[in-house]
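All residue numbers for the sequence shown refer to full-length UniProt numbering, where the first residue is 1 and numbers rise by one.
Glycine residues also receive a C-beta, built at the ideal position from the N, C-alpha and C atoms.
Note that the coordinates shown come from a computational prediction; the quantities given were computed from them, not determined experimentally.
Quick notes on the structure that follows.
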Amino acid sequence: MRTIFLIISTFVLMHCAVAQKKKIAVIAYYAGRPTMVDSFPIEKITHLIFSFAHLRNDSMVIANARDSATIQNMVKLKSRNPQLKVMLSMGGWGGCQYCSPVFADSIKRKTFAQTAKELTDYFHTDGIDIDWEYPAVVGYPGHQYMTEDRANFTKLMRDLRNALGSSAEISFAAGGLKHHIDSSFEWKQVMKYADRVNLMSYDLVSGFDTVSGHHTPLYSTPEQYSSVDAGVKRLLKWGVPANKIAIGAAFYARIFANTTNANNGLYQPTHFFRGVSWRKFDSTFSAVNGYKKYWDKVAEAPYLYNDSLKYFVTYDDSVSISLKTKYVMRKKLNGVMFWQLADDSFQNGLLDVIDETRRK
């Protein structure tokens, strides 16, 4: 009997350990076509976030019939994955021109929160995500911002929680650079109302930069402070609970042009050219086309250089995505978030790498 008990106990403990490994959230933003979302392995996602709803006057709105169809198709995917959470995100890069003045007004904030609740009820979705880029610091050119945005963002989260109730999920995206983390939010206060912060630990070398670097590295280097790890450490320093932090991964590459060949293009004068989705990666960046792959052991990040075209390419691949997933598990963080699902391959993509890694 004692032997049987030990066997059962061992089995239960092993099962719990496996379950713990599978527990991390896998959060996909989606900005693709209405029917395209059906083609991805939705069973491997815990949260699917529609991108984007809009701020119109003081209300959260869905722009058109196409976007409504996309949301409806996303909700239907629960038949394939009953545990799937579908959320609506408001904002995005270029989508928060008037967030600062609107959310400074208590009546307009409450109206916004109520319309968010109405959309959630209408579409039978599970929560709201706010992607304001960025409160209290400069973001998209021409967008308004002021120091008071920090406190007003906390009030916005409070009003959303009051309107949506305790059962709905509330998350928000945060810029991954040091000044975004340090200046945009009242961390201890705002996390009382939010289930998760999605750290945008990508585009860390952006379209405004004039020196090349890794746009989504796991670790900092002597030449580049910004990284996933640096962002997580700052969030923890500000008192954000580890189990409410989701780190960002990029399902796309960024090409920088006119990059000199010193150091294979890394940390060299340059300018941003364009982005390329992961599903087009192999056909775009082949050795035949002149691209050579490198690995930065310190940053734990891949990059490419094309000496003929003078292109430097920074991105996430299967190795760096796996390392990020392991980092989340090791640090007991909330999960891995990525932009965006429509950039992935339909089969054997980066989402599959996240899923395979978390199950090991």
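Query: Check: R158 C-beta below 7 Å from any heavy atom of the ligand MG; Result: The ligand MG is not part of the structure shown, which contains no ligands of any sort.
Query: Assigned secondary structure, F11 (DSSP; H/G/I helix, E/B strand, else coil); Result: Since pLDDT at F11 reaches only 46, below the 50 mark, its modelled position is unreliable, and the value read off the structure follows with that caveat. The answer is helix: DSSP assigns F11 an H, G or I state.
Query: Three-way DSSP call (helix, strand, coil) for T154 in this model; Result: helix
Query: C-alpha distance - Q97 paired with R56, whole-angstrom precision; Result: 10 Å
Query: Given 8 Å, three or more beta-carbon pairs between the region 214 to 234 and the region 271 to 290; Result: no
Query: Pairwise C-alpha distance: A262 and A53; Result: 43 Å
Query: Segments assigned beta strand (DSSP E), at least 3 residues, entirely inside the UniProt domain "A to I editase" (234 to 360); Result: 245 to 250, 252 to 257, 271 to 277, 291 to 296, 301 to 306, 311 to 314 and 335 to 339
Query: Entirely enclosed beta strand (DSSP E) segments - the region 28 to 71, minimum 3 residues; Result: 47 to 56 and 59 to 61
Query: Straight-line gap, L119 to D182 (C-alpha atoms, nearest Å); Result: 32 Å
Query: Among K326, D344 and A342, nearest to V336 - alpha-carbon criterion; Result: K326
Query: Among S212, E223, K188 and A173, nearest to S201 - alpha-carbon criterion; Result: A173
Query: Cut-off 8 Å between Cβ atoms - residues of its own chain near L323, not counting five sequence neighbours on either side; Result: L218 and E300
Query: Nearest neighbour of T259, chosen from G239, T314 and V197 [CA to CA]; Result: T314
Query: Spatially closest choice to N289 from K310, M87 and N243, by CA coordinates; Result: K310
Query: For G91, the three-state DSSP class (helix, strand or coil); Result: strand
Query: Pick from S106, G32 and V205 that is closest to A151, judged by C-alpha positions; Result: S106
Query: For M295, the nearest candidate out of L266, K117 and D307 (CA to CA); Result: The sequence given here has Trp at residue 295, not Met. Per the Cα distances, L266.
Query: Anticipated Cβ contact below 8 Å, F338 with F251, distance rounded; Result: 5 Å
Query: Whole-angstrom distance between T154 and K188, CA atom to CA atom; Result: 10 Å
Query: Per-residue burial, G91 [other beta carbons within 10 Å of its own, 16 or more giving buried]; Result: buried
Query: N-terminal and C-terminal residue of the alpha helix (DSSP H) that F112 is part of; Result: S106 to F123
Query: Boundaries (first-last residue) of the beta strand (DSSP E) holding V197; Result: R196 to M200
Query: Unbroken alpha helix (DSSP H) run spanning S100, endpoints; Result: C99 to F103
Query: Reduced DSSP secondary structure (H/G/I, E/B, other) of K23; Result: coil
Query: D182: first and last residue of the uninterrupted beta strand (DSSP E) it sits in; Result: Element bounds for D182: not the beta strand (DSSP E) but the alpha helix (DSSP H), K178 to S183.
Query: N-terminal and C-terminal residue of the alpha helix (DSSP H) that K188 is part of; Result: W187 to V190
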